[in-house]
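Asks:
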Amino acid sequence: MQIHIISRFLVTAFIWSYAASIGAQTPSESSENSKPTESTQHKQDFSPPPREHWEVTVTATRTPTSDRKTGQSLTIITSEDIETHGFRDILQVLETVPGFNVARTGSTGGVTSIFVRGGENDFNLVLMDGVQINQPGGAFDFADLTTTNVERIEIIRGPSSVLYGADAMTSVINIITKRGEAHLSKNLTFERGHFGSHLLRGGLSGETEKINYSLGAHYSESDGLHDLNNQYSKFDLSTHTSLKLNSSSSLTSTLRFTDSEYHFPTDSTGAILDPNDFRKTNEALFSIYWDNVFNNQYNTKVHYGFYRRHSQTFSIKDGIVDFFDNTIESTESRNYVDWENNFQLHPDHLVTGGISLDREASASENLTRQSIGVFLQDQFSWRNRLFVTAGVRYDHNDSFVSFSTASVSLSYLLDDTWKVRTSLGNGLRAPSFIEIAGLPEFDITGNPDLSPESNLAVDWGIDFASRNQKGSFSATAFFNHFDNLIEFSFLSPPGSPNYFNREAAVSKGLEVSTSIKPTQIMRVGGQYTWTTTKVTDSGTVPGGLFVKGDQLLRRPQHLAGIYAEFLQARYKLQIDLQYKGTRDDVQFFPDWSNARVVLPSYLKINFGLTIPLLGLTDSKKDLALLFRAENIFNKHYTEIAGFESQGRSLFVGLKTTF
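The sequence shown begins at 0 in numbering that gives the first Met the number 0 and counts up by one.
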């Protein structure tokens, strides 16, 4: 019944979105020459692009490109979207993206995974201002990422290894730090709510003739869902600085530091019994790039990035679960250098090529590996209606077999509001250090002959964007074939590898999203994703997690959401409904056995309200009262078998902008 209601809403919203495009236009609105266009310099400076009824992306092609020219499936979340919906963490943003399934182990701060289009949770490339922040092998925990000082998040669904190398199997998530604007702006937010939660965040940004800059900070804490040992706190600091060297070149740098501490009373089954285990994590990122426009035909960019993640998990002797003190420490780092060159051979023909060097290291395991990638991409158009992007890449790594990737995408404009598109490409995930080297201290043998996991994917879509920005619609059908999936086995003979390239699976589905603005103060929208997965090769381990013919774990067939926004002057009201269908999972038990289970569907509702209290000036600078509610009807549900999720959470706070 819930899916039926949501489906009817999406059909109705589509009709409204089309109707929203029909209305009075001035001649300038219908003139192609009057629209904002992408920069002819094609610099990847991650700056906010000019707004038009088609968005502009830098992630899909590495150069500023209008969405009307891209054949890939694209979602862009702006800082205005983040502010309106009251998103405090990146995972809250991703829950609203078509094709994305977010799963968290219980309370705030618990390990959070993302499954996109039926893929594994390590198939997603996560970039922060163009620097990869995945652990070696693609794993990434989204629990600590905040939206503080974020200008926009660009998401590409489908493989993008041809531009970014390993791990871009089912999506690329590029988080772009805020840039300053002409006038100095400052903001400060304080919130308090359920589960002993506190939040303090603030920022400032500005711009001069030569420099633009931003600074953001976030601190939050919570007592957690459980009364026993479930506290969580995190601190996040980020900066952006861009220096204009001369009329044709600039130097841009970003810094980000995150520190968190999470106390968890649960074991691997979800049972609450440990009074003092906890984990500390700190992450540091530095990015700097220089770009220079030599002329209208050529520009170049050199980018250096560094990322380091240090994690310590402490088990304290308690005589209940832990009978001695133990600390597990992990440190991974990445040094990244990229040289990109853009050649404008013709107004309708842009060639991008370059070379990337990547060095990954694990200090705790005393392991390193290096890779070099060479890529070439060609973007060309025909009569400003058909747009084709094709690319190839070759990556050589000193720890596993080299691989090649390729992709092609097409976008065709039916008119200036409708387009059809398709894309075809492959993506790869590099084996992790553990899969290659093993864990000798636990008698686990790695396999240096592993091949990367692979995905061959195709999708087809249709998009609509009204000229007056009052309506949009998008629908995409997709298919993925995952191969060479890495299997772990305890049954290997002594001395033989415990990891093999064995499993295979397929996924297919449909993504639909729409938004309409029937009045000046109201916007409504929604998204729906249907996904089906099937294991086609279960490998060699009887009773393993891959069962031939079955669905992949933790992938719901149905995901949906509806939102409504009301903005009157400085008053804001926002309501979100999120639905997740049934999905298979595995429940683990204290005797090390397990059983396949079906997690029930659920619907949860969030809302936010902003009430201005005091206008400090005639501008939008003011003091406002904030109300937020998550899971307002206290729905009990589980994202991962055995782990209870958080119930109703109410928050109240103040925000000032000055």
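We put the beta carbon where it would ideally sit given N, CA and C, even for glycine. Quick caveat: nothing in here was measured; it's all calculated off a predicted structure.
Pull up the distance between the alpha-carbon of residue 522 and that of residue 150, whole angstroms please.
Replies: Their backbone Cα atoms lie some 21 Å apart in a straight line.
Asks: State the DSSP-derived secondary structure class of residue 659, mapped to helix, strand or coil.
Replies: Missing from the structure shown is residue 659; the chain here goes from 0 to 657 and no further.
Asks: Go through its chain and collect everything with a Cβ distance to residue 385's Cβ below 6 Å, but skip five positions before and after it.
Replies: If we look at residue 385 and ignore the five residues flanking it on each side, its Cβ neighbours are 411.
Asks: Is it buried or exposed, residue 403, if we count other Cβ atoms within 10 angstroms and call 16 or more buried?
Replies: Exposed.
Asks: Quick one: what's got a C-beta closer than 6 Å to residue 328's C-beta in the same chain, skipping five residues either side?
Replies: 311, 363.
Asks: Here's a check: name, in chain order, each residue in its chain whose Cβ is nearer than 7 Å to the Cβ of residue 112, leaving out the five neighbours to either side.
Replies: Closer than 7 Å at Cβ, skipping near neighbours: 102, 120.
Asks: Report all residues from its chain with a CB closer than 6 Å to the CB of residue 389; omit the five preceding and five following residues, and keep chain order.
Replies: For residue 389, where only same-chain residues beyond five positions count, the Cβ hits under 6 Å are 377, 407.
Asks: Judging by CA-CA distance, which residue of 253, 82, 359, 351 is the nearest neighbour of residue 289?
Replies: When only C-alpha atoms are compared, the closest one is 253.
Asks: Rounded to the nearest angstrom, what separates residue 483 and residue 430 at their Cα positions?
Replies: When rounded, the distance between both Cα atoms is 11 Å.
Asks: Between residue 303 and residue 286, what straight-line distance do the alpha-carbon atoms span, to the nearest angstrom?
Replies: The straight-line gap from Cα to Cα measures roughly 6 Å.
Asks: Sort 496, 211, 325, 641 by Cα distance to residue 597 and report the nearest one.
Replies: Minimum Cα distance to residue 597 is reached at 641.
Asks: Would you give the residue range spanned by the beta strand (DSSP E) that residue 285 belongs to?
Replies: First-last of the beta strand (DSSP E) with residue 285: 277 to 294.
Asks: Exposed or buried, residue 506, counting other C-beta atoms within 10 Å across all chains shown (16 or more means buried)?
Replies: Burial call: buried.
Asks: Could you give the uninterrupted runs of the alpha helix (DSSP H) lying entirely in the segment 155 to 242, keeping only those of 4 residues or more?
Replies: Entirely contained in the segment 155 to 242, the alpha helix (DSSP H) runs reaching 4 residues are, in chain order, 160 to 163.
Asks: Could you tell me the boundaries of the alpha helix (DSSP H) in which residue 436 lies?
Replies: Start and end: 432 to 436.
Asks: Would you tell me roughly how many angstroms separate the C-alpha atoms of residue 216 and residue 562, rounded to the nearest one?
Replies: Taking the straight line joining both Cα atoms gives about 28 Å.
Asks: Using three-state DSSP, classify residue 376 as helix, strand or coil.
Replies: Strand, per DSSP.
Asks: Give the list of continuous beta strand (DSSP E) stretches no shorter than 3 residues that lie fully inside the segment 345 to 433.
Replies: As far as the segment 345 to 433 is concerned, its whole beta strand (DSSP E) runs of at least 3 residues are 348 to 361, 366 to 381, 385 to 396, 402 to 412, 417 to 428.
Asks: Measuring alpha carbon to alpha carbon, tell me which residue in 277, 634, 99, 91 is nearest residue 266.
Replies: Of the candidates 277, 634, 99, 91, the one whose C-alpha sits nearest the C-alpha of residue 266 is 277.
Asks: Who are the Cβ neighbours of residue 401 in its own chain at under 8 Å, not counting the five residues just before and after it?
Replies: For residue 401, where only same-chain residues beyond five positions count, the Cβ hits under 8 Å are 393, 394, 395.
Asks: Please classify residue 261 as buried or exposed, where buried requires at least 16 neighbouring CB atoms within 10 angstroms.
Replies: Classification for residue 261: buried.
Asks: Classify residue 296 as buried or exposed, calling it buried when 16 or more other Cβ atoms lie within 10 Å of its own Cβ.
Replies: With fewer than 16 other Cβ atoms within 10 Å, it is exposed.
Asks: Counting only runs of 3+ residues fully inside the segment 78 to 161, write out the beta strand (DSSP E) ranges in chain order.
Replies: Whole beta strand (DSSP E) segments, 3+ residues: 99 to 103, 111 to 115, 123 to 127, 149 to 156.
Asks: Residues in the same chain with beta-carbon distance under 6 Å from residue 211, minus the five sequence neighbours each way, listed in chain order, please.
Replies: So the list reads 178, 179, 241, once near-sequence residues are dropped.
Asks: In the DSSP assignment, find the unbroken beta strand (DSSP E) run with residue 636 in it and report its ends.
Replies: Segment: none, residue 636 is in no beta strand (DSSP E) and carries neither H nor E.
Asks: How would you call residue 495, buried or exposed, if buried means at least 16 neighbouring beta carbons within 10 angstroms?
Replies: When all chains shown are included, residue 495 counts as exposed.
Asks: Can the beta-carbon of residue 193 be found less than 7 Å from the beta-carbon of residue 220?
Replies: No, the pair does not count as a contact, with Cβ atoms beyond the cut-off.
Asks: According to DSSP, what are the bridge partners of residue 658?
Replies: A question about residue 658 goes unanswered here, because the residues of the chain that appear run from 0 up to 657.
Asks: Looking at the structure shown, is residue 571 part of a helix, part of a strand, or coil, going by DSSP?
Replies: DSSP places residue 571 in strand when its eight states are reduced to three.
Asks: Roughly how many angstroms lie between the CA atoms of residue 465 and residue 136, to the nearest whole one?
Replies: Distance between the alpha carbons of residue 465 and residue 136: 41 Å.
Asks: By the three-class DSSP mapping on this structure, what secondary structure does residue 441 have?
Replies: Helix at residue 441.
Asks: Could you tell me how far apart the beta carbons of residue 107 and residue 645 are, in whole angstroms, since I believe they sit closer than 8 Å?
Replies: Confirmed, Cβ separation roughly 7 Å.
Asks: Where does residue 273 sit, in a helix, a strand or coil, going by DSSP?
Replies: It is coil, neither helix nor strand.
Asks: Along the chain, where does the beta strand (DSSP E) containing residue 517 start, and where does it finish?
Replies: Note, residue 517: beta strand (DSSP E), 498 to 518.
Asks: Just how far apart, CA to CA, sit residue 25 and residue 158?
Replies: With a pLDDT of 32 at residue 25, under the threshold of 50, the modelled position of this residue cannot be trusted; read the value that follows with caution. Approximately 40 Å, taken between the alpha carbons.
Asks: At which residues does the beta strand (DSSP E) containing residue 449 begin and terminate?
Replies: Residue 449 -> no beta strand (DSSP E), and no H or E assigned at all.
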